[in-house]
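*Asks:*
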Amino acid sequence: MSKIRDLGRFVELLEDDDWSEEISDWDYDALFTLRDFEEFHKEHRKWLITFVRRLVTARGASVDPEDVVQDALEVVFRKWDKVGRMANPRGYLWKVTYNRAHRLMYKASREVANPMKAGFLELTGWALGWERSPQEVIMADALRLLLQSLPQRQVQVLLLTADGWTDSQIGKVLDLSPATVRSHRRHLQRNCRRKVEKDLSAWSELLGAVPMYPTEAPGLFS
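In my numbering, the protein residues as written are 68 to 289.
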């Protein structure tokens, strides 16, 4: 039986009661003694919420990170007899959470009654309850568009790196070698610098704002 790699199929398995053989194949490491779910919940809930918040912000989506994480933890709890014995339950939970977030973001994008108005509110910051300077509007919009243009795998590497994960941890969750993770990051650094500088210059000229460049935000893509 081949290993499961399609997240869409993976979610279907979560909703299927007869899945023990397939999920064992997905988690092809040895099974361990059943862990305590309450400890697992306490250990992972906070960082997952932080991760999902960064993900939905990068995508410009109107989704509650806490709802996403709660849904994912409920899925894991229903299958805890299997998941709690996995070699890498953290990776399993992360995949469920990531896929759930994307499903809700897609659903939310289709439910917007007035996309033009919603986009304007988001761009100006009114929808989030604060006023932004022209420079902040430019930077936020440019970065959001940049992240939306990147391949999904590269966004995953970028966000997990920003969340403090090591190359080995990222590789285990995404089924990549540490060297491949580093390659994704180098590719991002090289291309993001060029694209961000180009986009920010274009926005600045259009709005008559003071030019802003990535060098003014140290550590963003370094």
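Ideal Cβ placement from N, Cα and C applies to all residues, glycine included.
Bear in mind that the values here come from a model prediction, so they are computed numbers and not experimental data.
Quick check: what's the CA-CA separation for Arg252 versus Val150?
*Replies:* In the sequence shown, residue 252 corresponds to position 185, counting from 1. In the sequence shown, residue 150 corresponds to position 83, counting from 1. Going by the C-alpha atoms only, they are around 30 angstroms apart.
*Asks:* Would DSSP call Met153 helix, strand or coil?
*Replies:* Residue numbering aside, residue 153 sits at position 86 when the sequence shown is read from its first letter. Here Met153 sits in coil by DSSP.
*Asks:* Taking Val136 and Val123 to be in contact with their CB atoms under 8 angstroms, please state how far apart those CB atoms are, rounded to whole angstroms.
*Replies:* Position 69 of the sequence shown, counted from the first residue, corresponds to residue 136. Position 56 of the sequence shown, counted from the first residue, corresponds to residue 123. With 8 angstroms as the limit, Val136 and Val123 do not qualify as a contact, their Cβ atoms being about 11 angstroms apart.
*Asks:* May I ask you to report which of helix, strand or coil DSSP gives Asp242?
*Replies:* Taking the first residue of the sequence shown as position 1, residue 242 is located at position 175. Correct three-state label for Asp242: coil.
*Asks:* Could you give the residue range of the alpha helix (DSSP H) that holds Lys109?
*Replies:* Taking the first residue of the sequence shown as position 1, residue 109 is located at position 42. Per DSSP, Lys109 belongs to the alpha helix (DSSP H) from Phe104 to Arg126.
*Asks:* Between which two residues does the alpha helix (DSSP H) harbouring Thr228 extend?
*Replies:* For this step, residue 228 is matched to residue 161 along the sequence shown. Unbroken alpha helix (DSSP H) run through Thr228: Gln219 to Ala229.
*Asks:* Please classify Leu101: does DSSP put it in a helix, a strand, or coil?
*Replies:* Stepping through the sequence shown from its first residue, residue 101 is reached at position 34. The answer is coil: DSSP assigns Leu101 none of H, G, I, E or B.
*Asks:* Please identify the residue among Ala154, Val130, Phe144 and Asn155 whose C-alpha is closest to the C-alpha of Arg170.
*Replies:* By 1-based counting over the sequence shown, the position of residue 170 is 103. With distances taken between Cα atoms, Arg170 lies closest to Val130.
*Asks:* Tell me where the alpha helix (DSSP H) around Asp134 begins and ends.
*Replies:* What you label residue 134 is simply residue 67 of the sequence shown in a count that begins at 1. First-last of the alpha helix (DSSP H) with Asp134: Pro132 to Arg145.
*Asks:* Just verifying my parser: in three-state terms, what is the DSSP assignment at Glu233?
*Replies:* Numbered from its first residue, the sequence shown carries residue 233 at position 166. Note on residue identity: the sequence assigns Thr, not Glu, to residue 233. Coil, per DSSP.
*Asks:* Considering only the alpha carbon of each residue, which of Pro132, Ala246, Asn155 and Tyr165 lies closest to Val222?
*Replies:* In the sequence shown, the residue the question calls residue 222 occupies position 155. Cα-wise, what sits closest to Val222 is Tyr165.
*Asks:* With a CB to CB cut of under 7 angstroms and the five nearest residues on each side skipped, what residues in its chain are close to Phe144?
*Replies:* By 1-based counting over the sequence shown, the position of residue 144 is 77. Here the set comprises Phe104.
*Asks:* Measuring straight from C-alpha to C-alpha, what distance separates Arg121 and Ala168?
*Replies:* Reading the sequence shown from its first residue, position 54 is the one you call residue 121. Reading the sequence shown from its first residue, position 101 is the one you call residue 168. Taking the straight line from one Cα to the other gives about 11 angstroms.
*Asks:* To the nearest angstrom, how far is the alpha carbon of Leu101 from that of Gly158?
*Replies:* One-based indexing of the sequence shown puts residue 101 at position 34. One-based indexing of the sequence shown puts residue 158 at position 91. In a straight line, the C-alpha of Leu101 is about 16 angstroms away from that of Gly158.
*Asks:* Rounded to whole angstroms, what is the Cα-Cα separation between Val224 and Ile237?
*Replies:* The residue you call residue 224 lines up with position 157 of the sequence shown. The residue you call residue 237 lines up with position 170 of the sequence shown. One C-alpha to the other measures close to 7 angstroms.
*Asks:* Exposed or buried, Arg126, counting other C-beta atoms within 10 Å across all chains shown (16 or more means buried)?
*Replies:* Locating residue 126 in the sequence shown gives position 59, counting from the first residue. Burial call: buried.
*Asks:* For Lys239, does the count of other Cβ atoms within 10 angstroms reach 16, so buried, or fall short, so exposed?
*Replies:* Within the sequence shown, numbered from 1, the residue matching residue 239 stands at position 172. Looking at its Cβ environment, which holds 16 or more other Cβ atoms inside 10 Å, Lys239 is buried.
*Asks:* Consult DSSP for Asn181 and reduce its assignment to one of helix, strand or coil.
*Replies:* In the sequence shown, the residue the question calls residue 181 occupies position 114. Per-residue confidence for Asn181 stands at a pLDDT of 42, beneath the threshold of 50, marking its modelled position as unreliable; the derived number appears in the next sentence. Three-state DSSP puts Asn181 in coil, outside helix and strand.
*Asks:* Going straight from the alpha carbon of Glu141 to that of Thr117, what length do you get?
*Replies:* Working through the sequence shown from its first residue, we reach residue 141 at position 74. Working through the sequence shown from its first residue, we reach residue 117 at position 50. If you take the alpha carbons of Glu141 and Thr117, they lie about 18 angstroms apart.
*Asks:* Where does Ser250 sit, in a helix, a strand or coil, going by DSSP?
*Replies:* Your numbering for residue 250 matches position 183 in the sequence shown. The answer is helix: DSSP assigns Ser250 an H, G or I state.
*Asks:* In angstroms with no decimal places, state the Cα-to-Cα distance between Arg249 and Asn258.
*Replies:* Here residue 249 refers to the residue found at position 182 of the sequence shown. Here residue 258 refers to the residue found at position 191 of the sequence shown. Whole-angstrom Cα-Cα distance: 14 angstroms.
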